[in-house]
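Participant: Here it is: the structure, laid out below.
Protein chains: 2
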Amino acid sequence: MARNPERRTALLDAAIEVLADEGARGLTFRAVDARAGVPTGTSSNYFTDRDQLLSQVGERIFVRLTPDAASVDTALRPEPSRELVAELMRWTARRMVAERTCYLGLFELRLEATRRPELRDRLTTVLRADLDENTRLHLAAGMPGDAETVRLLYLALTGLFLDHLTVPGLHAERELDELIDTVVTRIVPTDRPPLTASGG
Amino acid sequence: MARNPERRTALLDAAIEVLADEGARGLTFRAVDARAGVPTGTSSNYFTDRDQLLSQVGERIFVRLTPDAASVDTALRPEPSRELVAELMRWTARRMVAERTCYLGLFELRLEATRRPELRDRLTTVLRADLDENTRLHLAAGMPGDAETVRLLYLALTGLFLDHLTVPGLHAERELDELIDTVVTRIVPTDRPPLTASGG
């Protein structure tokens, strides 16, 4: 196996582009080499087989989508509030728009995972670690709501991002930021404790 | 164009299976003919091209997923309540599990739509008609919540169904029915009007 880490990363980034443009079935070593502009045969020196390539693509997508600690720290410095949750979600949505290729690639990987148990297990692990980490950060920052609030936000944003990338006209009369605000307002409790038990 | 409607439906159902099993790139006339057990060349007598096949597959998926009026009528006969919304959502989830192939096919079509503007427009139209009809039924039945409640339920269930079909271990410690109940409890307001304005 070849071990040049920059080259490996460049090949994985090329693979993400192929995945988003062509779908999982279009992701071949040859297509990755062509996209990366390297000689045919290069990818096969870096990945033992397609399963390993797919699995490393999944991990690379998460590396690209995970904000660096500095930007999260800054974001979490203000007083925790529902508005701050909304701000973080709007930031995530802008990232989704900017990293369209990564998000589309991740949706393609999910569908490919229905045909590849090994990829499914690997994706489950990284998605779960991501959800757990988001939950931990939310609670540690003293944001309103509990672990189920974070799960609900995650589910609604998954639906919203899938719609935005695949059928953007579905919620056409609404701006993405406005949809995010609706999601947050309906899911995250108000900052002050309610005066009555609300039956939830 | 051949016009036997039962044969056309059988070909579309075979196409949905190919789509779910092989992904959009695997959906060829030849693969549909093989899956349907008909002579090679049959599909090309029924569909002018792949775009038309994909578009009709999308419509067939919605026909299969739309409950007949009788079952909805029965479901809506009881007093409207949050619990009744939860019951309908649990019923939808059971349908998703039973019609796994249709739901997976629809997710594959969405991703294929990123590469085919015509399919994207067609899918947007059918998904939107479906969301509008669900909203209309919810409000007409006097269910708690408003049009945004239905949109939020739709988004969260889209995320939940995608997770269930592609990475079922992600919410592994929770049963699907329990997750549905959490979604409904957090999104749909209680049946009685709140005693205080809750800032939403």
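Here the protein sequences line up with chains A and B, keeping their order. Quick note: my numbering has the first sequence finishing at residue 200, numbered continuously throughout. Quick note: my numbering has the second sequence finishing at residue 1200, numbered continuously throughout. Using N, Cα and C, we set each Cβ at its ideal position, and we do this for glycine too. In this text the structure is predicted, and so the values were computed from the model without any measurement.
(1) Please report the distance separating the alpha-carbon of B/H1138 from that of A/R174.
(2) Near B/L1152, which residues of its chain fall below 7 Å by C-beta distance, leaving aside the five closest residues on each side in sequence?
(3) Check whether chain A comes within 8 Å of B/I1203, counting only Cβ atoms and requiring the distance to be less than that.
(4) State whether the stretch 95 to 109 of chain A contacts the stretch 34 to 50 of chain A, with contact taken as three or more CB pairs (one from each stretch) at a distance under 8 Å.
(5) Short of 9 Å Cβ to Cβ, which residues in the stretch 1008 to 1039 of chain B face chain A?
(6) Using a C-beta cutoff of 8 Å, does B/R1095 count as contacting chain A?
(7) Just the C-alpha distance for A/M1 and A/L123, rounded to the nearest angstrom, thanks.
(8) Does the count of Cβ pairs from the stretch 1002 to 1019 of chain B and the stretch 1031 to 1047 of chain B closer than 8 Å reach three?
(9) Within the same chain, show all residues whose beta-carbon is closer than 6 Å to that of A/R64, passing over the 5 residues directly before and after it, in chain order.
(10) Is the distance from the Cβ of A/T114 to the Cβ of B/L1104 below 8 Å?
(11) Applying the criterion that 16 or more other CB atoms from any shown protein chain within 10 Å of the CB defines a buried residue, is B/A1020 buried or exposed?
(12) Examine the ligand ATP and report whether any of its heavy atoms sits within less than 7 Å of the Cβ of A/L54.
(13) If I follow the unbroken alpha helix (DSSP H) through A/S55, where does it start and stop?
(14) Straight-line CA distance for A/A140 to B/V1184?
(15) Find out if the Cβ-Cβ distance for the pair A/A93, A/L176 is shorter than 8 Å.
(16) For B/V1057, decide whether its Cβ has a neighbour in chain A, counting only Cβ atoms nearer than 8 Å.
(17) Please state if the CB of B/P1189 and the CB of B/G1145 are separated by a distance shorter than 8 Å.
(18) Closest to A/T28 by CA distance: which of A/E6, A/Q52, A/R7, A/P5 is it?
(19) Mind checking the stretch 90 to 119 of chain A against chain B and listing, in chain order, the residues whose C-beta falls within less than 8 Å of any C-beta there?
(20) Can you pull the chain A neighbours of B/L1127, defined as C-beta to C-beta under 7 Å?
(21) In whole angstroms, give me the CA-to-CA distance for A/S44 and A/E118.
(22) At least one CB of chain B closer than 8 Å to the CB of A/E83: is that the case?
(23) Should B/L1160 be flagged as near chain A, meaning a C-beta pair shorter than 8 Å?
(24) Less than 8 Å between CB atoms is the rule here; does A/T42 satisfy it with respect to chain B?
(25) Can a CB atom of chain A be found closer than 8 Å to the CB of B/V1063?
(26) Name the chain B residues that come within less than 8 Å of A/T182, Cβ to Cβ?
(27) Kindly list the residues whose CB is nearer than 7 Å to the CB of B/I1180, restricted to its own chain and excluding five residues on each side of it in sequence; keep chain order.
(28) To the nearest angstrom, report how far apart B/E1006 and A/E178 are at their CA atoms.
(29) Relative to the alpha-carbon of A/N4, which residue among A/I16, A/L155, A/G26, A/T42 has its alpha-carbon at the smallest distance?
(30) Tell whether a beta-carbon distance below 8 Å holds between B/R1025 and A/G23.
(31) For a test of the three-state rule: what should DSSP assign to A/A140, helix, strand or coil?
Facilitator: To lay it out plainly:
(1) As a position in the second sequence, residue 1138 of chain B is number 138, starting the count at 1. As a position in the first sequence, residue 174 of chain A is number 174, starting the count at 1. Taking the straight line from one Cα to the other gives about 21 Å.
(2) Looking up residue 1152 of chain B in the second sequence gives position 152. The residues are I1187.
(3) Residue 1203 of chain B cannot be examined here, being either before or after the span of chain B that is shown, 1001 to 1200.
(4) Not touching, per the Cβ criterion.
(5) A1020, D1021, E1022, G1023, A1024, R1025, G1026
(6) Against the second sequence, residue 1095 of chain B aligns to sequence position 95. No, B/R1095 does not count as interfacial toward chain A.
(7) Looking up residue 1 of chain A in the first sequence gives position 1. Looking up residue 123 of chain A in the first sequence gives position 123. Our two residues, A/M1 and A/L123, have alpha carbons roughly 23 Å apart in a direct line.
(8) yes
(9) The residue labelled residue 64 of chain A in the question sits at position 64 within the first sequence. Around A/R64: C102.
(10) Within the first sequence, residue 114 of chain A is the residue found at index 114, counting from 1. Within the second sequence, residue 1104 of chain B is the residue found at index 104, counting from 1. In this structure, B/L1104 lies closer than 8 Å to A/T114 by Cβ.
(11) Here residue 1020 of chain B refers to the residue found at position 20 when the second sequence is read from its first residue. Result: buried.
(12) Of ligands this structure carries none, so the ligand ATP is not represented either.
(13) To locate residue 55 of chain A, count along the first sequence from 1; it is residue 55. First-last of the alpha helix (DSSP H) with A/S55: 50 to 65.
(14) The residue labelled residue 140 of chain A in the question sits at position 140 within the first sequence. The residue labelled residue 1184 of chain B in the question sits at position 184 within the second sequence. Each residue's alpha carbon lies about 26 Å from the other.
(15) Mapped onto the first sequence, residue 93 of chain A falls at position 93. Mapped onto the first sequence, residue 176 of chain A falls at position 176. Yes, the pair counts as a contact, with Cβ atoms nearer than the cut-off.
(16) Counting from 1 along the second sequence, the entry for residue 1057 of chain B is found at position 57. Cβ-Cβ to chain A under 8 Å: no for B/V1057.
(17) Counting from 1 along the second sequence, the entry for residue 1145 of chain B is found at position 145. Counting from 1 along the second sequence, the entry for residue 1189 of chain B is found at position 189. A contact, by the Cβ cut-off of 8 Å.
(18) As a first step, residue 28 of chain A must be located in the first sequence, where it is residue number 28. A/T28 has its Cα closest to that of A/Q52, out of A/E6, A/Q52, A/R7, A/P5.
(19) L104, F107, E108, R110, L111, E112, A113, T114, R115
(20) To locate residue 1127 of chain B, count along the second sequence from 1; it is residue 127. In chain order: V167, L170.
(21) What you label residue 44 of chain A is simply residue 44 of the first sequence in a count that begins at 1. What you label residue 118 of chain A is simply residue 118 of the first sequence in a count that begins at 1. Cα-Cα distance, rounded: 19 Å.
(22) The residue you call residue 83 of chain A lines up with position 83 of the first sequence. It does not; no Cβ of chain B falls within 8 Å.
(23) Position 160 of the second sequence, counting from 1, holds the residue named residue 1160 of chain B. Yes - at least one Cβ of chain A is within 8 Å of the one on B/L1160.
(24) Here residue 42 of chain A refers to the residue found at position 42 when the first sequence is read from its first residue. It does not; no Cβ of chain B falls within 8 Å.
(25) As a first step, residue 1063 of chain B is located in the second sequence; it is residue number 63 there, counting from the start. Judged by the 8 Å Cβ criterion, B/V1063 is not in contact with chain A.
(26) In the first sequence, residue 182 of chain A corresponds to position 182, counting from 1. Here the neighbours are E1148, R1151, L1152.
(27) Numbered from its first residue, the second sequence carries residue 1180 of chain B at position 180. Correct list, in chain order: A1086, M1089, R1090, A1093.
(28) Locating residue 1006 of chain B in the second sequence gives position 6, where the first residue counts as 1. Locating residue 178 of chain A in the first sequence gives position 178, where the first residue counts as 1. Note on geometry: alpha-carbon atoms of B/E1006 and A/E178 lie some 45 Å from one another.
(29) Position 4 of the first sequence, counted from the first residue, corresponds to residue 4 of chain A. Ranked by how close their Cα comes to the Cα of A/N4, the residues A/I16, A/L155, A/G26, A/T42 have A/T42 in first place.
(30) Here the question's residue 1025 of chain B lines up with position 25 in the second sequence. Here the question's residue 23 of chain A lines up with position 23 in the first sequence. Yes. Within cutoff.
(31) Translated into positions along the first sequence, residue 140 of chain A becomes position 140. The answer is helix: DSSP assigns A/A140 an H, G or I state.
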